[in-house]
Amino acid sequence: MNDASSEDVFQNLISSNDTFLFDCDGVLWKGAKAVPGAAAVVNFLENLGKQVIFVTNNSTKSRDKYVDKLSSLGYPSDKEKIFGTAYTSALYLKHIAKIDGKVYLIGNESMGEELDNVGIKHFGIGPDNVATSLDYDDIKRCKLDEDVNAVLVGFDGHISFSKLVRAGSYLRNPNCLFLATNSDARLPLGDCKHVVPGTGVMVASVCTVAAREPDVWCGKPGKFMFECIQKTIDINPDRAIMIGDNTKTDIVFGKQNSLKTLLVFSGVSSRDSVNSILESSDPALKEQVPDYVLPSLGDWAEFCS
0 MNDASSEDVF QNLISSNDTF LFDCDGVLWK GAKAVPGAAA VVNFLENLGK QVIFVTNNST
60 KSRDKYVDKL SSLGYPSDKE KIFGTAYTSA LYLKHIAKID GKVYLIGNES MGEELDNVGI
120 KHFGIGPDNV ATSLDYDDIK RCKLDEDVNA VLVGFDGHIS FSKLVRAGSY LRNPNCLFLA
180 TNSDARLPLG DCKHVVPGTG VMVASVCTVA AREPDVWCGK PGKFMFECIQ KTIDINPDRA
240 IMIGDNTKTD IVFGKQNSLK TLLVFSGVSS RDSVNSILES SDPALKEQVP DYVLPSLGDW
300 AEFCS
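Using numbering that gives the first Met the number 0, count along the sequence shown one by one with no gaps and you end on 304.
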């Protein structure tokens, strides 16, 4: 593991890589605010002719909405360079699973938007408090649709008892496909003093009630995310680097796809957490060790003049 804070390392990474894949939350921005200096670095790389790709596990925005957010924070881009789990989930259901029936969606409007874009029938977005107790007459009010062939779980601010009843009931059928966007436990929201549950909390709830794990993970570190990227963008893994803030998702994603990896300490994972991994005797954790570390992407801004 190498410190990437010096200009020499920065220049070496520029010369040895043609493609830079960036996570978003915790790397480019925290909540509604851009990470200071990060936009200057990304724009510098693009001006050099480097291939810049945005790869995020956050399912709360469609690609069109990510274009707007990136632009508003100083990262002009087009949607062909943006890969989020709302988009990759829709791709999997359409082109790999070739779902014929309906999808029960524990998710949000952006996930629904991406499903609509590929013609997938779905329902479940929004509040669902039909059942609020363990009374069987109450639970029976959660009517089940016999045409459901898949359950997709992403970020849902309206997660509820009723939704878990429905998801668990559909997934009792072993032929019902179970997809999840990602397993991130928390969201990095800058100076927020509250712990903000991530999609992984919602997925874990469905796993528990369904007594099964997802058949497919549509985000990092799953390989399907990288397959989606490679189908539209030519990447030489030997000359590509993944830059993220989470050892469990971003760094493992990079390692599993033979990319160089760089961890910034402006988001989920800290220097202490990396040191704990290094000190661990568990060989499975070694995949979480980044090739490079950097306090913040913005630290490179001074080298971008």
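All C-beta atoms, glycine included, are put in the ideal place defined by N, C-alpha and C.
Exposure label - residue i; buried when at least 16 CB within 10 Å
i, result
"threonine 131", "exposed"
"proline 126", "exposed"
"lysine 285", "exposed"
"proline 213", "buried"
"leucine 44", "buried"
"asparagine 107", "buried"
"leucine 176", "buried"
"glutamine 229", "exposed"
"alanine 3", "buried"
"lysine 97", "exposed"
"aspartate 149", "The residue asked about is misnamed: residue 149 is alanine in this sequence, not aspartate. That one is buried."
"histidine 121", "buried"
"glutamine 10", "exposed"
"lysine 192", "exposed"
"valine 26", "buried"
"phenylalanine 267", "Note that residue 267 is valine in the sequence shown here, rather than phenylalanine. Looking at its Cβ environment, which holds 16 or more other Cβ atoms inside 10 Å, valine 267 is buried."
"alanine 210", "exposed"
"glycine 118", "exposed"
"asparagine 256", "buried"
"proline 220", "buried"
"asparagine 128", "exposed"
Per-residue DSSP class, three states only, for residue i
i, result
"lysine 306", "Since the displayed the chain opens at 0 and closes at 304, residue 306 lies outside it and no answer follows."
"asparagine 174", "coil"
"methionine 201", "helix"
"asparagine 11", "helix"
"aspartate 214", "coil"
"alanine 239", "strand"
"lysine 222", "helix"
"lysine 101", "strand"
"asparagine 116", "helix"
Straight-line gap, residue i to residue j (C-alpha atoms, nearest Å)
i, j, result
"valine 215", "threonine 180", "8 Å"
"asparagine 16", "alanine 39", "18 Å"
"threonine 260", "alanine 31", "26 Å"
"threonine 198", "serine 5", "35 Å"
"phenylalanine 252", "leucine 262", "12 Å"
"asparagine 116", "valine 152", "18 Å"
"valine 51", "lysine 101", "35 Å"
"aspartate 137", "valine 41", "53 Å"
"aspartate 244", "valine 208", "30 Å"
"phenylalanine 302", "isoleucine 81", "26 Å"
"cysteine 206", "lysine 49", "40 Å"
"leucine 178", "cysteine 217", "7 Å"
"phenylalanine 53", "serine 265", "17 Å"
"serine 182", "arginine 140", "30 Å"
"isoleucine 336", "aspartate 134", "Here the chain covers residues 0 to 304 and nothing more, so residue 336 does not appear."
"isoleucine 158", "glycine 123", "10 Å"
"serine 280", "serine 76", "42 Å"
"glutamate 79", "proline 236", "19 Å"
"asparagine 7", "asparagine 56", "Per the sequence shown, residue 7 should be read as aspartate rather than asparagine. Going from the Cα of aspartate 7 to the Cα of asparagine 56 covers about 31 Å."
"aspartate 298", "tyrosine 74", "17 Å"
Touch test, the stretch 110 to 120 against the stretch 80 to 88, Cβ-Cβ under 8 Å, three pairs minimum
Flag = yes, the stretch 110 to 120 and the stretch 80 to 88 touch.
Is the stretch 239 to 253 close to the stretch 288 to 298, with three or more CB pairs under 8 Å?
The stretch 239 to 253 vs the stretch 288 to 298: in contact.
In chain order, which continuous runs of the beta strand (DSSP E) of length 3 or greater are located wholly inside the stretch 124 to 191?
Segments of the beta strand (DSSP E) lying fully in the stretch 124 to 191: 147 to 152 and 176 to 179.
Answer yes if the stretch 220 to 228 comes into contact with the stretch 265 to 284, meaning at least three C-beta pairs across the two stretches below 8 Å, and no otherwise.
The answer is no - the stretch 220 to 228 does not touch the stretch 265 to 284, with fewer than three Cβ pairs under 8 Å.
Could you tell me which whole beta strand (DSSP E) segments of length 3 or greater appear in the stretch 248 to 302?
You should have 259 to 263 and 291 to 293.
Can you list the beta strand (DSSP E) stretches of 3 or more residues lying completely in the stretch 28 to 94, in chain order?
Counting only runs of at least 3 residues, the stretch 28 to 94 fully encloses the following beta strand (DSSP E) elements, listed from N- to C-terminal order: 50 to 55 and 81 to 83.
Can we say the stretch 62 to 69 touches the stretch 136 to 151, given the rule of at least three CB pairs closer than 8 Å?
Not touching, per the Cβ criterion.
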